[in-house]
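Asker: Take a look at the following structure, please.
4 protein chains.
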Amino acid sequence: MAGSAFGTIFRITTWGESHGKAIGAVVDGCPAGLPLSEEDIQPYLDRRKPGTSAVTTQRKEEDLVEILSGVFEGRTTGTPISLLIRNTSQRSGDYGNLADCYRPGHGDYTYDQKYGFRDYRGGGRSSGRETAGRVAAGAIACKILKELGIRVQAYTRSIGPVSIREDRFDPEAILTTPTAMPDRQADEEALAYLQKAREAGDSVGGCMECLVDGLPAGIGDPVFEKLDANLAKALMSIGAVKAVEVGEGMEVARRKGSENNDGFRMEEGRVVKTSNHAGGILGGISDGSRVLVRAYVKPTPSIYLPQRTVTKGGEEIELQIKGRHDPVIVPRAVVVMESMVAITLADALMVNLSSRMDSLMKFYVPDKG
Amino acid sequence: MAGSAFGTIFRITTWGESHGKAIGAVVDGCPAGLPLSEEDIQPYLDRRKPGTSAVTTQRKEEDLVEILSGVFEGRTTGTPISLLIRNTSQRSGDYGNLADCYRPGHGDYTYDQKYGFRDYRGGGRSSGRETAGRVAAGAIACKILKELGIRVQAYTRSIGPVSIREDRFDPEAILTTPTAMPDRQADEEALAYLQKAREAGDSVGGCMECLVDGLPAGIGDPVFEKLDANLAKALMSIGAVKAVEVGEGMEVARRKGSENNDGFRMEEGRVVKTSNHAGGILGGISDGSRVLVRAYVKPTPSIYLPQRTVTKGGEEIELQIKGRHDPVIVPRAVVVMESMVAITLADALMVNLSSRMDSLMKFYVPDKG
Amino acid sequence: MAGSAFGTIFRITTWGESHGKAIGAVVDGCPAGLPLSEEDIQPYLDRRKPGTSAVTTQRKEEDLVEILSGVFEGRTTGTPISLLIRNTSQRSGDYGNLADCYRPGHGDYTYDQKYGFRDYRGGGRSSGRETAGRVAAGAIACKILKELGIRVQAYTRSIGPVSIREDRFDPEAILTTPTAMPDRQADEEALAYLQKAREAGDSVGGCMECLVDGLPAGIGDPVFEKLDANLAKALMSIGAVKAVEVGEGMEVARRKGSENNDGFRMEEGRVVKTSNHAGGILGGISDGSRVLVRAYVKPTPSIYLPQRTVTKGGEEIELQIKGRHDPVIVPRAVVVMESMVAITLADALMVNLSSRMDSLMKFYVPDKG
Amino acid sequence: MAGSAFGTIFRITTWGESHGKAIGAVVDGCPAGLPLSEEDIQPYLDRRKPGTSAVTTQRKEEDLVEILSGVFEGRTTGTPISLLIRNTSQRSGDYGNLADCYRPGHGDYTYDQKYGFRDYRGGGRSSGRETAGRVAAGAIACKILKELGIRVQAYTRSIGPVSIREDRFDPEAILTTPTAMPDRQADEEALAYLQKAREAGDSVGGCMECLVDGLPAGIGDPVFEKLDANLAKALMSIGAVKAVEVGEGMEVARRKGSENNDGFRMEEGRVVKTSNHAGGILGGISDGSRVLVRAYVKPTPSIYLPQRTVTKGGEEIELQIKGRHDPVIVPRAVVVMESMVAITLADALMVNLSSRMDSLMKFYVPDKG
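Chains as they are written, first to last, in the numbering used here: chain A, 1490 to 1858; chain B, 1490 to 1858; chain C, 1490 to 1858; chain D, 1490 to 1858.
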């Protein structure tokens, strides 16, 4: 199916395999008049670039984005924006021995079952590299949100057993620590933990969190297009994510209603909530308070320890994966989460424009409205 | 927006408010030739009917479904199936005092922010009654799956602190215990816990789980239309759900790769997994093992204890909710979960038909294929 | 497939067969706050009601619409509007002899080929009765347009060889002549022509035209969602329509560019065109002048003359159709055309709201914009 | 809006402006296992290349296509196919004087009204160059259809007053005559006619026709997704098309039912029609006979004769267009028509796979079916 697109009005389509010629995205439905250049996008791609620290693969990926269409004289024209990132650092030779074997925790077997065969080089379309297209598109969504006064910020909440602590929260650490944690002490502990896992030939999981500030109340739809439903889809569509929470998430299942309900009160003439257990969404629609979502990520399935598996031909083998792999997915996935949240919100904001008859009137017959 | 529809090829549209004339659903894209009558649907609706036990509201809702179209001589014709359920037991008088006030934990405030006003009777479209349309449509999806040998079963996993235990798992209890728990002892403990909450004028949360057996490998799509992404959206679109897990869900964030990966081995000539931490989905595509998903549900927001809130006019008040409300949402929501999972799978199975050129050939040029 | 819905943001889903229990439509995405009651819709349904004159079937269809949801205290709530029309006058006995036979010009054979069998009573879903759902939904679209100062008017342009004349154009005749022609003399001539065809047991074709005044410039999208492309789909989706024109349509294929181009000039400070060969659409986007579209309708396929055809079992037979049938489709289809044009425009107007960044700014950060 | 995509299951997204860096398309939903390389696509692009004859512009456009993704070891993988065509021959200087002026017959004014400004170089997104993406995608659709035994062939039916004649129909002439007419004598007459128009600084319109052979009966959907409705949208979405016909199109509006109905008879055990006035589609679904559609194309709006128009600033001017322009659009648009028809059919064929329960059974539980 045409399953590579996301969004209704602000709609992105990503394409490309890990070891093909290039990867990219088409952003259709971006409003006209947004100032945009490669410089707005590149920093987002750089955030998912593997580095030299213990947490990321040693592969060198220079993900340079090129805008091929949809921008004229520095502003978007309202027509589709095509984003191209050439693949440069792929060594397909690394993967030849994986052509016939089903790696545990990967999509090798399921792709073969669905399509009959697959591009086995580096995971093909199921590779984490696919997310580069999402991030390039997400940078545009982030820019739109910024113009509207909406700030989206994702970061690492935990790696293995190491979690950030509220009282050490330091937003500036997000872009500077190797783990993307907003807590320098947790970062150090997580790095130590990762180092041990790496030495053991193993990998670890973690949790990432995203905050949205400045989102007006009233965004989202009842029933199937609930804002949280679309956020859940957006996040669960990121490879390796196995659970999604909104607000205090699974915790609320053990609560009493009297503990969990957020009361309302007035503050400077505005309605505000007395708490925010709900994570900023009520009945599928934003309530004007901070939106908070979390995604739980499994350990990198590519590990160096030997594993039992089978070949395409049905032979049971012991597999030893070589090559270069991140011992944890989370730090590089944080910007992917931020992108998917921003894309979901940008679309919801556009879709919402027609929710009231008086808005339509004001737009089309301003004198009468 | 047109946010009341779900699915691509098998697509349902629900409509109706809690206290309007009727509620219902249109099922578009059901294949022709499925034997279908009201008797196939009614038992599903009966499962969400409030009973007389401690766990459900004392309201009497006789949800009788009527098939208005799309079935001829006992079989579906391939054209849209319109399902109608008249509202019979609504006492709007109960809600008059809520017209101007924003109930904590409900969508009252957000609906007003989005639409400018709302149908305040019983929550209008944000009412749990909206799910009757989903269940009626879900019964049809379940019937399709059954014909294909696929079984979907949801149940209550926990209520407040009371969880079912694996070693007491009794599938027959699901449809007979008031809590919809597959564990009679947990059911009793949960009922006692609920009774206390009810006496205190409070409500409790819980968790529900759904198992899918018999789903072939290869269903779902890479990237945005991952099977788990669509399941996450489906479940998070159920009011009161705040977290969704696939397989072992958030647990995996604390695991090592060597613990979490499911190995492959051969069994009677078929590829099987040595464990199923993944919950039956790899790379967004089913792997032929059991699919397991969970949804965490907040406590019923309507409680009898007094709460602080504000009116539409901006006055701070103490609210005392009257009327009849379930002290826990989960038992009646279990069949809604089952319906949403079934609808998601039915659609994914249809979408998947065109994934290979040789399937197209076999369908259209059978002699050549 | 889920092929019974139309529109992106303003989206209608129709359902129901000619001889089922009821027919109807769900309108999803209607903005909140539109005053609406059955009285707004019924006059549109009455326009497609068969009458007693020579041009329409003698069947009595009392198409009474009931609004089941989406309206509260006389205004739309922004949630789906369910519209129900009970079938009352169906005499299925008339069609028993058609169960096994493929009527020329009808969809009997193609439905059987697609679905394996069909509801043969009165054409089932391929019946003209399906359009009652479109008209009920179209009445809501028309009301939205009216609030925005946009007028949509369809009428009969020709029946067989009889065409209306520009110099006799009388808009008031549209709703009062049996032919829905805006020309009383043409109406009389057409009636005489129809009477002869009816006496001969035959039927005739015709052309209908729709004018849109007051549509602002800038509505529609480039490339695939061109306003004229969506209008073409909308009109060709009406059963029996075999050709669609925009503006001067196929005439322009014989023209020179110098004859066909519409120049621009200034009028009271506004850009206007010096002519309107284009029918109000340039590059897929409205240009602020009158939109004009035409649809050509084939003769009613049900005729009383004997016809050669085959049965489902493969037997060649001579078919003699009985029952009650319009000798021409056009007069009753005019309101269907008007409905489809209005639905297409309402959707395009909503979709257009996000075309510019400065509109988004004005909506969400009015102080800054 | 996201208006640059077409199709439901087989879905293409085009992007790119006339004078940007590149143009292209993403084809999402192509089944896995189709042999594909640039050599399959290039001949289609070459057919829309301007030549050296009198009928086409003197611009040199080397449209070389590059496949960037979705193909591995010579076969499609089922993942999106990204197609890139670099723009090489653009001389933006030609268009500088058009930046502020609204060319008659072009989308300049309407784009400005919608988006606030536009990429004025060569028409930007409204340029005929946009169709290169459609043709590259269409080549893939054509290849799928060919594998299924379905042949699609478009050609020029008329240019100005010169029409092809049935008795001189020569299919080999389509790809060899400069006019793409399947009639060498008409080709010569049309060339003479074009030469005169060109000398007069003028342009001419024409009509193109497309035949589909081998399409099985049963393809298409009732109601809004009728096969002819989608073909009408597909064709009307091609810039400059102003009318669309199916079968004998507008002619039928003057016919009697007894003249227009196609009877059925048996031939070698199969149901066939005794005539094909309907153009192969009944009730929106293919009937197994030849599908015939026509599109009427306006004269090239860019002419050398002086025209009255206005500037963006509201000044009335006389415009003299320079540069290189085709005196007629049709011959180069023929392959665009063929592409759009093929894309529409490929999608309809995939969507149709789930129309019957027994097909689902055969696919998923072959032993039981």
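Think of the CB as a built atom: it goes at the ideal place given N, C-alpha and C, for glycine as much as any other residue.
These figures come from a predicted structure and were not determined experimentally.
Thinking just about the alpha-carbon of each residue, which of D:Gln1642, D:Asp1815 and D:Thr1503 is nearest to the one in D:Leu1680?
Answerer: Nearest of D:Gln1642, D:Asp1815 and D:Thr1503 to D:Leu1680, Cα basis: D:Asp1815.
Asker: Is DSSP giving B:Ile1570 helix, strand or coil here?
Answerer: DSSP places B:Ile1570 in strand when its eight states are reduced to three.
Asker: Anything in the segment 1588–1607 of chain A with a Cβ closer than 9 Å to a Cβ of chain D? List those residues in chain order, please.
Answerer: Answer in chain order: Tyr1600, Lys1603, Tyr1604, Gly1605, Phe1606 and Arg1607.
Asker: Using a beta-carbon distance below 8 Å, is D:Glu1506 in contact with chain A?
Answerer: Yes, D:Glu1506 counts as interfacial toward chain A.
Asker: Secondary structure at A:Leu1781, three-state DSSP: helix, strand or coil?
Answerer: DSSP places A:Leu1781 in strand when its eight states are reduced to three.
Asker: For D:Thr1568, does the count of other Cβ atoms within 10 angstroms reach 16, so buried, or fall short, so exposed?
Answerer: Buried, because 16 or more other Cβ atoms sit within 10 Å of the Cβ of D:Thr1568.
Asker: Along chain D, in chain order, which residues have C-beta atoms closer than 7 Å to that of B:Val1854?
Answerer: Chain D residues near B:Val1854: Leu1637 and Gly1638.
Asker: Helix, strand or coil: how does DSSP classify A:Thr1502 here?
Answerer: Residue state, collapsed to three classes: strand.
Asker: My output table needs one value for A:Thr1865: the three-state DSSP class, helix, strand or coil.
Answerer: Because chain A spans 1490 through 1858 in this model, residue 1865 of chain A falls outside it and cannot be assessed.
Asker: How long is the line joining the alpha carbons of A:Gln1796 and A:Pro1593, rounded to whole angstroms?
Answerer: Cα-Cα distance, rounded: 8 Å.
Asker: Quick one: what's got a C-beta closer than 6 Å to B:Thr1502's C-beta in the same chain, skipping five residues either side?
Answerer: Hits under 6 Å: Ser1493, Ala1494 and Val1515.
Asker: Taking only the alpha-carbon atoms, compute the straight-line gap between D:Ser1828 and A:Pro1705 and give it to the nearest angstrom.
Answerer: Their Cα atoms are separated by approximately 44 Å.
Asker: Can you tell me whether B:Ser1778 is buried or exposed, with buried defined as 16 or more other CB within 10 angstroms of its CB?
Answerer: Counting Cβ neighbours within 10 Å, B:Ser1778 comes out buried, since at least 16 surround it.
Asker: Output needed for D:Ile1663: all residues of its chain with C-beta closer than 6 Å, excluding positions within five of it in sequence on either side, in chain order.
Answerer: Taken in chain order, the residues that qualify are Tyr1644, Ala1669 and Pro1671.
Asker: Just curious, the alpha helix (DSSP H) that A:Tyr1533 is in, first and last residue?
Answerer: A:Tyr1533 -> alpha helix (DSSP H) spans Glu1527 to Arg1536.
Asker: Between the C-alpha atoms of D:Leu1720 and C:Thr1497, what's the straight-line distance to the nearest angstrom?
Answerer: Straight-line Cα distance between these residues: approximately 19 Å.
Asker: Between the C-alpha atoms of D:Ala1625 and D:Ile1648, what's the straight-line distance to the nearest angstrom?
Answerer: Each residue's Cα considered, the two are about 26 Å apart.
Asker: Could you tell me whether the Cβ of C:Val1799 comes closer than 8 Å to any Cβ of chain D?
Answerer: C:Val1799 counts as touching chain D.
Asker: Residues of chain A with CB under 8 Å from C:Leu1781, in chain order?
Answerer: Under the 8 Å cutoff, chain A gives no residues; its nearest Cβ is about 21 Å from C:Leu1781.
Asker: Quick check on DSSP: helix, strand or coil for C:Phe1606?
Answerer: It is coil, neither helix nor strand.
Asker: Using a Cβ cut-off of 9 Å, pull out every chain B residue sitting near D:Thr1568, in sequence order please.
Answerer: Pro1711 and Val1712, listed in chain order.
Asker: Anything in chain C within Cβ reach of D:Phe1885, meaning under 7 Å, just list it in chain order.
Answerer: A query on residue 1885 of chain D cannot be resolved here, the shown segment of chain D reaching from 1490 to 1858 and no further.
Asker: Using a Cβ-Cβ cutoff of 8 Å, what residues of the segment 1825–1847 of chain B are near chain D? List them in chain order.
Answerer: Listed in sequence order: Leu1838, Met1839, Val1840, Leu1842, Ser1843, Ser1844, Arg1845, Met1846 and Asp1847.
Asker: Give the interface partners of B:Pro1520 over in chain D, defined as CB-CB distance under 7 Å, in chain order.
Answerer: Near B:Pro1520 (Cβ distances below 7 Å), the residues of chain D are Ser1843, Ser1844, Arg1845, Met1846 and Leu1849.
Asker: Does A:Leu1525 get closer than 8 Å to chain C when you measure Cβ to Cβ?
Answerer: Closer than 8 Å: no.
Asker: Within 10 Å of its beta-carbon, does A:Thr1541 have 16 or more other beta-carbons around it, so buried, or fewer, so exposed?
Answerer: Unreliable positioning characterises A:Thr1541 in this predicted model, as indicated by a pLDDT of 49, which lies under 50. The coordinate reading is nonetheless provided below. Exposed.
Asker: Any Cβ of chain D within less than 8 Å of the Cβ of C:Ile1818?
Answerer: Output row for C:Ile1818: interface = no.
Asker: Taking C-alpha atoms, which residue in A:Gly1617, A:Glu1714 and A:Gly1563 lies nearest to D:Arg1607?
Answerer: Out of A:Gly1617, A:Glu1714 and A:Gly1563, A:Gly1563 has the C-alpha closest to the C-alpha of D:Arg1607.
Asker: Measure the C-alpha to C-alpha separation of D:Asp1659 and D:Gly1617 and round it to an integer number of angstroms.
Answerer: Taking the straight line joining both Cα atoms gives about 28 Å.
Asker: Where do the N-terminal and C-terminal ends of the beta strand (DSSP E) with A:Ser1625 fall, by residue?
Answerer: Looking at the sequence shown, residue 1625 of chain A is not Ser but Ala. Per DSSP, A:Ala1625 belongs to no beta strand (DSSP E); it is in the alpha helix (DSSP H), Thr1620 to Glu1636.
Asker: Bridge partners for B:Gln1674 per DSSP, in chain order?
Answerer: Looking at the DSSP assignment, B:Gln1674 forms no beta bridge with any residue, so it has no partner.
Asker: Tell me, which residues are paired with A:Arg1821 by DSSP?
Answerer: BP columns for A:Arg1821 are empty, so no partner.
Asker: Buried or exposed for B:Lys1811, going by 16 or more other Cβ atoms inside 10 Å?
Answerer: Burial call: exposed.
Asker: Quick one: Cα of C:Ile1818 to Cα of C:Glu1688, how far?
Answerer: In a straight line, the C-alpha of C:Ile1818 is about 17 Å away from that of C:Glu1688.
Asker: Residue range of the beta strand (DSSP E) that D:Ala1511 falls in?
Answerer: D:Ala1511 -> beta strand (DSSP E) spans Ala1511 to Asp1517.
Asker: Using a Cβ distance threshold of 8 Å, determine whether the segment 1705–1714 of chain D contacts the segment 1820–1838 of chain D, with at least three qualifying pairs required.
Answerer: They touch, by the three-pair rule.
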